[in-house]
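Just so you know, the protein sequences line up as chains A and B, in that order. Under the numbering used here, the first residue of the first sequence carries the number 453, and numbering increases by one thereafter. Under the numbering used here, the first residue of the second sequence carries the number 30, and numbering increases by one thereafter. Just so you know, even glycine gets a beta-carbon here, dropped at the ideal spot from N, CA and C.
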Amino acid sequence: GNSVTQMEGPVTLSEEAFLTINCTYTATGYPSLFWYVQYPGEGLQLLLKATKADDKGSNKGFEATYRKETTSFHLEKGSVQVSDSAVYFCALKGMDSSYKLIFGSGTRLLVRP
Amino acid sequence: DTAVSQTPKYLVTQMGNDKSIKCEQNLGHDTMYWYKQDSKKFLKIMFSYNNKELIINETVPNRFSPKSPDKAHLNLHINSLELGDSAVYFCASSQVRSSETQYFGPGTRLLVL
């Protein structure tokens, strides 16, 4: 079945550091891929998405590229801010008729001033 | 002008009780979802309704019963609450079942004592 694997957290960085959160997936065909972010005490918000191979999703300085050959969708940001501290979820939506979102286990990011 | 709202925000109750959580979306979406997030932040879909019709029903104890009186509302009733039901429950909606983006509510934090 479809699945998503994320790197374990927490990830602790200093402000302005470079961020990478790894995400790999298992799915048949060409799923759509997403990064959602959950700020403390809130629900999830869509951060970015990519719907086909080699697409790059970007938003708020974050980027992720859909790599079919490595089945990956790593999240990157060149310079993190304290306000980026949150839990980040990688997710996929498969091509089957259920249209379910399958989430990774989430990676907590803590950015220190 | 909240897009997806849930009530209550917090729910503390005793084992064996029956409780309900309500969800409403004012986005005009056709599809609504319930997710459970455990203490390790792992997020898993429980149910989905499309135009009041149940389309996703994961392996969830039958103590959990979703009800959709109309396409703007999806409620979750839980009978005979158990300690393991303690979690954060998120409601979400999407324009149609195949939509790429889901919009999440703020969550209901349920604690069963």
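Taking the DSSP output, what are the residues bridged to valine 141 of chain B? Taking the first residue of the second sequence as 1, we reach residue 141 of chain B at position 112. Valine 141 of chain B pairs with B/Thr42.
Checking the sheet assignment: what are the DSSP bridge partners for threonine 517 of chain A? Start at 1 with the first residue of the first sequence, and residue 517 of chain A comes out as number 65. As a beta-bridge residue in DSSP terms, threonine 517 of chain A pairs with A/Lys508.
Glutamine 131 of chain B lies in the beta strand (DSSP E); which residues open and close that run? Here the question's residue 131 of chain B lines up with position 102 in the second sequence. No beta strand (DSSP E) contains glutamine 131 of chain B, which DSSP labels as neither H nor E.
For proline 95 of chain B, which residues does DSSP report across the bridge? To locate residue 95 of chain B, count along the second sequence from 1; it is residue 66. Answer is B/Leu105, bridged to proline 95 of chain B.
If you reduce the DSSP assignment to three classes, tell me which class leucine 56 of chain B lands in. Against the second sequence, residue 56 of chain B aligns to sequence position 27. Note: leucine 56 of chain B maps to coil in three-state DSSP.
Against threonine 503 of chain A, what residues of chain B qualify as contacts under a CB-to-CB distance less than 9 Å, listed in chain order? Along the first sequence, read from residue 1 onward, the residue named residue 503 of chain A stands at position 51. Per Cβ cutoff of 9 Å: Glu129.
What does phenylalanine 541 of chain A touch in chain B if you count any residue whose Cβ is under 9 Å from its own? The residue given as residue 541 of chain A occupies position 89 in the first sequence. Under the 9 Å cutoff, chain B gives Lys70, Leu72.
Can the beta-carbon of threonine 559 of chain A be found less than 7 Å from the beta-carbon of threonine 523 of chain A? As a working note, residue 559 of chain A is residue 107 in the first sequence. As a working note, residue 523 of chain A is residue 71 in the first sequence. Not closer than 7 Å, so no.
If we define contact as Cβ-Cβ less than 7 Å, is glutamate 460 of chain A a contact residue for chain B? In the first sequence, counting from the first residue as 1, residue 460 of chain A sits at position 8. It does not; no Cβ of chain B falls within 7 Å.
Residues in the segment 547 to 564 of chain A with C-beta within 7 Å of chain B's C-beta atoms, listed in sequence order? Ser550, Tyr551, Lys552, Leu553, Phe555, Ser557, Gly558
Report back the beta-carbon spacing between asparagine 454 of chain A and proline 483 of chain A to the nearest angstrom; my notes put them in contact at under 8 Å. Sequence index remark: in the first sequence, residue 454 of chain A carries index 2 (1-based). Sequence index remark: in the first sequence, residue 483 of chain A carries index 31 (1-based). Confirmed, Cβ separation roughly 7 Å.
Can you tell me which of the three DSSP states valine 89 of chain B falls into? To locate residue 89 of chain B, count along the second sequence from 1; it is residue 60. Valine 89 of chain B falls in the coil class under three-state DSSP.
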